[in-house]
């Protein structure tokens with residue numbers, strides 16, 4: 028519960044104090060870029076729901092890039108979406124990181140609520156592992172315990188993972204620096220693994236040992252190598268890749284109606300910067 032409270036607080040603060048500021052800044056930069064590159068005539072430009080200008084393709088003039096200030100050139104050429112392959116790779120890694128935690132949560136939830144039998148009393152809930160006097164296996168849980176664990180532990184953790192996935196993608200997309208994108212991804216992972224940090228730091232050693240010595244019934248002791256089982260093993264990875272593609276090309280709202288018109292005009296500028 029302490030971990031969930033801290034994670035929710037950090038995510039709320041991140042959205043209000045960091046992400047919203049970054050989104051507004053990158054929108055302003057891209058708006059100035061659009062106005063300059065499409066002829067400085069806003070009357071023939073489209074306007075997004077947020078009030079930012081978007082040029083129309085016939086009026087795009089790459090030579091207008093020289094009219095931008097050095098600061099705007101630097102900022103617009105560091106927009107993550109301007110390097111789609113690089114940014115997609117980072118988004119993929121971040122998504123895999125979150126989905127790994129999400130998969131653990133869903134797997135544990137299913138094993139506790141569906142695989143573990145329902146018993147009438149918690150007195151019948153545990154048995155010793157064969158061949159060991161210190162290890163126990165949970166062989167049954169009462170309905171109130173299953174409901175409590177679902178509402179207090181599993182559902183909040185799943186919702187936190189999903190929200191953090193979206194918030195992380197949004198923050199990374201709004202980060203106007205390739206270097207900072209990588210640093211921000213590391214910072215986001217800190218929020219994700221906060222439960223492990225608190226468990227290792229706050230929980231008494233005996234409780235840690237008891238937790239490690241307590242097992243939960245698996246789905247199956249053996250899984251036959253069928254086509255269905257192989258597909259199920261890759262389902263989470265496939266879903267992660269689909270999410271990244273959908274987010275980049277359809278769902279991202281950091282730069283609505285992004286024109287994909289930055290990369291080509293920034294090639295020479297970035298090459299010149301790298302030689303300095």
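Residue numbers (this note's numbering): 28 to 303. Beta carbons: idealized from backbone N, C-alpha and C, even for Gly.
Alpha-carbon to alpha-carbon, residue j and residue i
i: residue 213; j: residue 279; result: 21 angstroms
i: residue 318; j: residue 36; result: Here the chain has residues from 28 to 303 only, and residue 318 is not among them.
i: residue 139; j: residue 133; result: 10 angstroms
i: residue 80; j: residue 58; result: 6 angstroms
i: residue 75; j: residue 112; result: 25 angstroms
i: residue 295; j: residue 108; result: 17 angstroms
i: residue 180; j: residue 69; result: 52 angstroms
i: residue 261; j: residue 124; result: 15 angstroms
i: residue 146; j: residue 236; result: 26 angstroms
Range covered by the alpha helix (DSSP H) that runs through residue i
i: residue 124; result: 111 to 137
i: residue 175; result: 170 to 176
i: residue 64; result: 47 to 64
i: residue 38; result: 29 to 40
i: residue 97; result: 97 to 103
6 angstroms Cβ shell around residue i - same chain, five flanking residues per side excluded
i: residue 195; result: 121 and 215
i: residue 222; result: 30
i: residue 241; result: 163
Under the three-state DSSP convention, the category residue i falls into
i: residue 163; result: strand
i: residue 75; result: coil
i: residue 206; result: helix
Cutoff 7 angstroms; reference residue i; Cβ partners in own chain excluding five residues on either side
i: residue 286; result: 81 and 82
i: residue 281; result: 50, 53, 197, 200 and 201
Same chain, Cβ closer than 8 angstroms to residue i, neighbours up to 5 away in sequence not counted
i: residue 337; result: This structure gives no information on residue 337, because the portion of the chain shown stretches from 28 to 303.
Where the beta strand (DSSP E) through residue i begins and ends
i: residue 142; result: Per DSSP, residue 142 belongs to no beta strand (DSSP E) and is neither H nor E.
i: residue 69; result: Careful: residue 69 lies outside any beta strand (DSSP E) and carries neither H nor E.
Closer than 8 angstroms: residue i CB and nearest the ligand HEM heavy atom
i: residue 275; result: Among the components modelled here there is no ligand, and therefore nothing to report on the ligand HEM.
Report the start-end ranges of each alpha helix (DSSP H) in the stretch 257 to 286 that is 4 residues or longer and not cut off at the edges.
Whole alpha helix (DSSP H) segments, 4+ residues: zero.
Start-end ranges of the alpha helix (DSSP H) lying completely within the stretch 221 to 251, minimum 4 residues:
If we require 4 residues or more, the alpha helix (DSSP H) runs fully inside the stretch 221 to 251 come out as 221 to 229 and 232 to 239.
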